[in-house]
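When we follow the UniProt record's numbering, the leftmost residue of the sequence shown carries the number 1, and every step to the right adds one. Written below as structure tokens is the structure these notes are about.
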Amino acid sequence: MIHIRPMTPDDFDRFWPTFQAIVQARETYAFDPALSFEQARQLWLELPLHTLLAEEDGELLGSYYLKANAAGPGAHVGNCGYMVCEQARGRGVARLMCEHSQKLARQEGFLALQFNSVVASNEVAVALWHKLGFETVGRLPKAYRHARLGLVDCLVMYKWLADEPVVEKPPLLIGRKNIEARVSRRRGR
């Protein structure tokens, strides 16, 4: 059975080869392929509100993060990024993580999720996001420099999660586990 749980710094060590391979392939993510381990860890693990991983019997299958898409008046819209390990592709891991992220987003008070830059040539992901209720609300012509295909379009995808406003959670409770983990790392624990 696949379990989803918070990612730890040790987990990121195991996830790093997947992160590096996906980013360096330059087919789906607009992260700098030259990111160092520390830069990648900060970007994926430390900055988001939550970073989780999917695993089965100790095997790492993938990871996703959840964060606010914008600050201030736009902070009610969440943003996620998902990566699936190569050996786990085709096993429903991305679907499971996306469904999980929507539930977590609701729990955190987000009213919608927005994916800012889905590479249009990533047809498997685009089809999955559509199946899960995301709409394509914008197209950015030639916004991504694909390693094999050259300049390709990116899609802005959006899903409304709640019909009713959500009461704000107290600021100290939002992302508490990540905040505690960051404090522990800074103190050298």
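Using N, Cα and C, we set each Cβ at its ideal position, and we do this for glycine too.
- Per DSSP, reduced to three states, the secondary structure at M1 is coil, with no helix or strand assignment.
- Here A21 is exposed. Its C-beta has fewer than 16 other C-beta atoms within 10 Å.
- Residue environment: P141 is assigned as exposed (fewer than 16 neighbouring CB atoms within 10 Å of its CB, all protein chains considered).
- According to the DSSP secondary-structure assignment, W129 is paired through a beta bridge with no residue.
- Inter-residue distance for L96 and M7 is about 16 angstroms (C-alpha atoms, whole angstroms).
- In the DSSP assignment, A68 falls outside any alpha helix (DSSP H) and within the unbroken beta strand (DSSP E) covering 59 to 68.
- Taking C-beta atoms as the reference points, A54 and V93 count as a pair closer than 7 angstroms.
- It is roughly 26 angstroms from the alpha-carbon of L151 to the alpha-carbon of L113.
- In this structure the segment 69 to 76 does not lie against the segment 45 to 52, because fewer than three pairs of beta carbons, one per stretch, are closer than 8 angstroms.
- Y29 and D11 have their C-alpha atoms spaced approximately 21 angstroms apart.
- Comparing C-alpha distances from T136 to each of E38, L149, F15, V118 shows the shortest one belongs to V118.
- In terms of Cβ geometry, C80 and S63 do not form a close pair [threshold 7 angstroms].
- The residue among D57, L149, D153 with its C-alpha nearest the C-alpha of R5 is D57.
- The residues W44, P48, H50, T51, C80, G81, in chain order, have a CB closer than 7 angstroms to that of Y65 in the same chain once the five nearest residues on each side in sequence are set aside.
- For F110, the CB contacts under 7 angstroms within the same chain, skipping 5 residues up- and downstream, are H76, V77, G78, L161 in chain order.
- Around the CB of A127, fewer than 16 other CB atoms lie within 10 Å, so the residue is classed as exposed.
- Just measuring C-alpha positions, the residue of G133, C154, E108, K103 sitting nearest E123 is C154.
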